[in-house]
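Residue numbers (our numbering): 2 to 751.
Here a beta-carbon is modelled for each residue, glycine too, at the ideal position from N, C-alpha and C.
From a predicted model like this one, the values you see are computed outputs, not experimental measurements.
Structure record follows, encoded as C-alpha cells.
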C-alpha cells in the first residue's frame, strides 16, 4: 500500500493576494494555459486568469514563491506577467497599443498578399507558374506575418499544452509544406494517378482571417481606457507639508500620518485626515455622490481625491497610502474586475479542450486511413488529417462574438447606448433587479432653484433681484451659484455693495444704501432678530417636506423672500422606473443623501425600495446581498462613489454625463440623461446576445458536421472525400455567414 504524499503546509500569515497584468494572451485558451501554469508553480495556493481584462489574480506564499518566480513560469509558455510595482497599468497599456499596431500591420499585409493567392487558387489554378507565384506570396504570410502562431505553439508544446495558436500553426504549416512538396514534385502524385493539389490559398486565408479577428479584439482593448489609472490620477503626485513653520513640497509617497498638510483653493486633497486650521467647502461627490459641496472646519474629516473649493486650510494626515478611502475604492474595483463570471468559466473550459480534441481527431484520422486506406493509404491519410485541421480552424468561433458586438455597439450608439463587452450582453436580458443611484441618475445631479417666494410678490422681486444677485456673486457657498444662475435668466445686473461679510456656517451679510441685508439659513435669521411672516413659515414647511433646501433673504427687520433649491428629478425617471417594474424587474434606489430627501424622491418616482445615507462600500455590499439571493443585478450610476458597485454588479450601466471613472468601470454607458434608454439597452442586449448565440451555434455546427466529413466518414459509403481546398473555402464561408448574421442586427428594432 503506497503512502499518501502530504502537501507542504502553507503559512496563512505569509499569504499574499495580488493582481498582475498579463501580456500576449490572444484567446480564452491562453488564459487557461497561464492559469494552469501559475497554479502549478511552487508556493501558489490559487490563481485566476481573466482573459477579458488581461489580468491574473494570484494567491501565493511569499516565503516560497516570489513575483519573479511567477513571471518566469508565465514567460516559459510564451506570455508575460507585469511585476513592475511603479506603474504596471502604464506598461500594460503601452504593450496593448504596441500589440494593436502589430496586429493591424499583420492583418493588412497578410490580406494584401492572400488576395492574389485566392484568385489564382480558385480561378487560375492551371496558369503557368501559378503554383510558384502562390508559394512566393504565401511564404511571408505564413512564416513572417503568422510567425507568432508558430512561436506560441512551440512554447506551449514544450510544456505539453495547446491552444488556438497550435491549431493555426499546424494547419497552415502542414498545408504549406504539403503544397511546396506538390509544387516541386508533382510527379509523385501523377505516377499514382492523382492530381498534385496545392493549398496555398487555404494557408494564406487562415492567417488573414485569424488576424482580422485578432484586430477586432485588439481595437476594443486599445480603445478602452483604464478606470484604475483615472482613479489613481485623482491623487496628486506632490503635497505641501508644514514643517517647523516652513512650507515644503514632498512626494506623496513620503507623507506619513501626523504630517500637517496645506490645501489651497481648487486643489485635490492628497490623503485622508482631519482639519486643524482654516475652513472651506469640499466637493465630496466622488464619495457621497451628492453635488453640494460640504463645509469643512476645525475637527472635520477630509478624504483623498476630493476637491477643495474656494477656501484654504491645513489638515493632519491620518490615513495614507493603501489605507485611504480612495485606495480602498481602487482595490475593490480591481478585485471585482478581476473576478470571473460563470459564463467566462464555461468558455475557458470549452477553449481548453477544443484544440486538443481537434488535434487528436486529426492524428486518429491519419492512423485509421493508414490502417484501412488500401492502395492510397498514405495519400488519403495525409489529405484527410490536413483537411481536419484546416476545416476546424477557429475563424468562425473567433469572429462570432466580436462581429456581433461591433454591430450591436453601432446599433446601440444610434440609440445613445455604448456597450463595452459580451459579458454584460450575456446577462443583461436576464436582469431581475436594478439599482439606481439618486444623484445624477434619477435626478439632474446639479442643485437648481426650483421655487422663489416673495412676501410682496413680483414687486419685491423686481426691486431686489439686482441686490440679491450682487450678494450671491460674492458668496463662496456652493448653493450661491444656483441662485446666481436663476437670476441671470431674469437679466439681473451687478450693483455696488458698501459692505460684505461671510458668516461661517450661516450665510452672508451685506450693506447697500445704509440698509443691512442677510442671506442664509434659519439660524442666521434667528441670530439677527429678523421676523418671519406666517406665510413664509408655511411655505418653508412645505418645501422641507419635499426635501428642498431653503435659503432666507431678509433686511434688518423681516424676511423678504425664501428660495428653494433642490436636485431636480428628471422628467424621464418616473416613466422609466414604471416601465422596468412592469417588466417584472425590482427597482432599488441607493443614495448618500439623508432619509427625508430619499423618501421624498422615492415617492415622487413611484419607488418601493430605497436606502439613504449609503457609503460607496455599502453600495457594493448591497449588490452582493442581492446576488446572494440569486438575483441578476444591474447597477446604474454616474459617480466615482458608484464605481465599486458598478464593478461588482452583473451588469453595470453608467450615465454618460457622469464621471469618467463610472463610465470606464461600467460595461454599458448611456450617452444621455434619459432613463428611458435603460429598457432599450436591455432589449438591445437580448437581440445582440441572440445573434452571438446564433453565431456560436453555426460555428460549432459547422465543426460538428465539417470535421467528420473532412476525416472521410462518407468515403466508405459513397467515395466522397473532402478536398482541403474546399475545406478552406468552407472555413472562409463559415466566417462570412457569421459576419452576415451579425449584420442583421443593424435592422433590428429595440
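Check whether residue 68 and residue 111 have beta carbons under 9 angstroms apart: Against the chain shown, residue 68 aligns to sequence position 67. Against the chain shown, residue 111 aligns to sequence position 110. Not in contact: residue 68 and residue 111 (Cβ atoms no closer than 9 angstroms).
For residue 468, the nearest candidate out of 441, 437, 500 (CA to CA): Here residue 468 is taken as the residue at index 467 of the chain shown, counted from 1. Ranking the options by Cα distance to residue 468, first place goes to 500.
Buried versus exposed call for residue 62 [16 or more other C-beta atoms within 10 Å across all chains shown]: The sequence position of residue 62 within the chain shown is 61, counting from 1. When all chains shown are included, residue 62 counts as buried.
State buried or exposed for residue 610, treating a residue as buried only when at least 16 other CB atoms are found within 10 Å of its CB. For the purposes of this step, residue 610 is taken as the residue at position 609 of the chain shown. It is exposed - the Cβ of residue 610 has fewer than 16 other Cβ atoms within 10 Å.
What residues match up with residue 315 in a beta bridge as DSSP calls it? Taking the chain shown and counting its residues from 1, the one referred to as residue 315 is at position 314. Residue 315 pairs with 263, 278.
Going by Cα to Cα distance, which pick from 543, 557, 539 is closest to residue 514? For the purposes of this step, residue 514 is taken as residue 513 along the chain shown, with counting starting at 1. Among 543, 557, 539, the Cα nearest to that of residue 514 belongs to 557.
Checking 9 angstroms against the spacing of the C-beta atoms, do residue 511 and residue 472 come in under that value? On the chain shown, residue 511 is found 510 positions in, with the first residue counted as 1. On the chain shown, residue 472 is found 471 positions in, with the first residue counted as 1. Their beta carbons are under 9 angstroms apart, which means residue 511 touches residue 472 by this criterion.
With 16 as the cutoff for other CB atoms within 10 Å, does residue 669 come out buried or exposed? Locating residue 669 in the chain shown gives position 668, where the first residue counts as 1. Under this definition residue 669 is a buried residue.
Kindly indicate which three-state DSSP category residue 487 falls into: helix, strand or coil? What you label residue 487 is simply residue 486 of the chain shown in a count that begins at 1. In this structure, residue 487 counts as helix in the three-state DSSP scheme.
Beta carbon of residue 645, beta carbon of residue 618: below 9 angstroms? Here the question's residue 645 lines up with position 644 in the chain shown. Here the question's residue 618 lines up with position 617 in the chain shown. Cβ distance < 9 angstroms, so residue 645 and residue 618 count as in contact.
What does a CB cutoff of less than 7 angstroms around residue 240 pick up in its chain, not counting 5 residues either side in sequence? Counting from 1 along the chain shown, the entry for residue 240 is found at position 239. Excluding positions up to five away in sequence, the list reads 251, 253, 256, 262, 271.
If you reduce the DSSP assignment to three classes, tell me which class residue 1 lands in. Only positions 2 to 751 of the chain appear in this structure, which leaves residue 1 out of reach.
Just the C-alpha distance for residue 713 and residue 375, rounded to the nearest angstrom, thanks. Position 712 of the chain shown, counted from the first residue, corresponds to residue 713. Position 374 of the chain shown, counted from the first residue, corresponds to residue 375. Approximately 14 angstroms between the Cα atoms of the pair.
Counterpart residues of residue 567 in DSSP-defined beta bridges: Numbered from 1 along the chain shown, position 566 holds the residue referred to as residue 567. Per DSSP, 449.
Using DSSP's beta-bridge definition, name the partner residues of residue 1. Residue 1 falls outside the range modelled here, since the chain spans only 2 to 751, and no answer is possible.
Closest by CA to residue 601, which one among 282, 544, 408? The residue labelled residue 601 in the question sits at position 600 within the chain shown. Selected option, being the one with the closest Cα: 544.
Is the beta carbon of residue 572 sitting closer than 9 angstroms to the one on residue 310? Counting from 1 along the chain shown, the entry for residue 572 is found at position 571. Counting from 1 along the chain shown, the entry for residue 310 is found at position 309. Not closer than 9 angstroms, so no.
Going by the DSSP bridge assignment, what does residue 519 pair with across the sheet? Counted from its first residue, the chain shown places residue 519 at position 518. In the DSSP output, where bridge partners are listed per residue, residue 519 has 510, 555.
Quick one: any contact between the stretch 18-26 and the stretch 154-161, if contact means 3 or more CB pairs under 8 angstroms? no
Which residues DSSP lists as bridging residue 611, in chain order: Within the chain shown, numbered from 1, the residue matching residue 611 stands at position 610. 590.
Which same chain residues, not among the five before or five after residue 342, have their C-beta less than 8 angstroms away from its C-beta? As a first step, residue 342 is located in the chain shown; it is residue number 341 there, counting from the start. With a pLDDT of 42 at residue 342, under the threshold of 50, the modelled position of that residue is not reliable, and the figure given next carries that caveat. Only 424, 427, 428, 651 meet the Cβ criterion.
Simplified DSSP state of residue 180, which is helix, strand or coil: In the chain shown, counting from the first residue as 1, residue 180 sits at position 179. Here residue 180 sits in helix by DSSP.
Could you give the distance in angstroms between the alpha-carbon of residue 748 and the alpha-carbon of residue 420? Mapped onto the chain shown, residue 748 falls at position 747. Mapped onto the chain shown, residue 420 falls at position 419. Using only the alpha carbons, I get a separation of about 17 angstroms.
Within this structure, are the beta carbons of residue 326 and residue 273 separated by less than 9 angstroms? Looking up residue 326 in the chain shown gives position 325. Looking up residue 273 in the chain shown gives position 272. Cβ atoms of residue 326 and residue 273: closer than 9 angstroms.
Report yes if the CB atom of residue 36 is closer than 9 angstroms to the CB atom of residue 50, and no otherwise. Along the chain shown, one-based indexing puts residue 36 at 35. Along the chain shown, one-based indexing puts residue 50 at 49. A contact, by the Cβ cut-off of 9 angstroms.
In the DSSP assignment, find the unbroken alpha helix (DSSP H) run with residue 703 in it and report its ends. Within the chain shown, numbered from 1, the residue matching residue 703 stands at position 702. Element bounds for residue 703: 678-712.
Ranges of the beta strand (DSSP E) found wholly within the stretch 621-648, counting only runs of at least 3: 634-638
What is the rounded straight-line gap between the Cα of residue 1 and the Cα of residue 174? With the chain covering 2 to 751 only, the question about residue 1 has no answer from this structure.
Expressed to the nearest angstrom, what Euclidean distance is found between the alpha-carbon atoms of residue 176 and residue 380? Numbered from its first residue, the chain shown carries residue 176 at position 175. Numbered from its first residue, the chain shown carries residue 380 at position 379. If you take the alpha carbons of residue 176 and residue 380, they lie about 14 angstroms apart.
Taking just the CA atoms, how far does residue 688 sit from residue 704? By one-based count along the chain shown, residue 704 stands at place 703. By one-based count along the chain shown, residue 688 stands at place 687. C-alpha separation (whole angstroms): 25 angstroms.
When 149, 121, 170, 153 are compared against residue 138, the one with the closest alpha-carbon: Against the chain shown, residue 138 aligns to sequence position 137. Closest option to residue 138, Cα to Cα, is 121.
Presumed contact (8 angstroms Cβ cut-off) between residue 647 and residue 629, rounded CB distance: Walking along the chain shown from the start, residue 647 turns up at place 646. Walking along the chain shown from the start, residue 629 turns up at place 628. 18 angstroms between Cβ atoms; not a contact.
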